[in-house]
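Numbering (the UniProt record's numbering), first residue to last: 1 to 125.
Glycine included, C-beta positions come from ideal geometry on N, C-alpha and C.
Working notes, structure below.
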Amino acid sequence: MIWQSVPKKRPPIYVSSRSNQGGMGPDFRMEMDGIQFSDIPLMTGANLPLMQKASSKFANDYSLMRLYAMGIDAWSLANNYNELTKGTLQFNGVSGSLRVEDNCTIYRQLPWMQFKQGKIEPVGQ
1 MIWQSVPKKR PPIYVSSRSN QGGMGPDFRM EMDGIQFSDI PLMTGANLPL MQKASSKFAN
61 DYSLMRLYAM GIDAWSLANN YNELTKGTLQ FNGVSGSLRV EDNCTIYRQL PWMQFKQGKI
121 EPVGQ
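Laid out in structure tokens, this is it:
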């Protein structure tokens, strides 16, 4: 009897960023409700004007848009060469949160997103 009153919670389902593709309409996103994935900030709408610019430039090809984002961040890293060689550089780029440590090792962290009621939102909102 006690188990009947406890709400059942599904374990989270994780998918790759390939599930977030151009041309996927609200019906697809509604079917994916609750599913979590990590993706670069450019693809999650963190910078909507830049996303729209990249989308029109690359005909909504998300693979090319992701490559474009990596190029933007590579350019930013190159322009901060002094901090890069010191291992003190850290910034939020369009391909993720980047930090540089010893020996110019670059680490990237991606935000976790989820499909929620036909939209893409950060996990926990």
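> Are the beta-carbon atoms of SER17 and PHE37 separated by less than 8 Å?
Replying inline: yes
>> What does DSSP give as the partner residue(s) for LEU67 in the beta ladder?
In response: Its beta-bridge partners do not exist; DSSP assigns none.
> Which partner residues does ARG99 have in the DSSP bridge list?
Replying inline: GLN90 and TYR107
>> Suppose contacts are defined by Cβ-Cβ distances below 8 Å. Is GLY124 in contact with ARG29 by that definition?
In response: no
> Nearest CA to the CA of PRO122: which residue from LYS9, MET24, MET43 and PRO26?
Replying inline: MET43
>> Just to confirm, is the Cβ distance from CYS104 to THR88 under 8 Å?
In response: no
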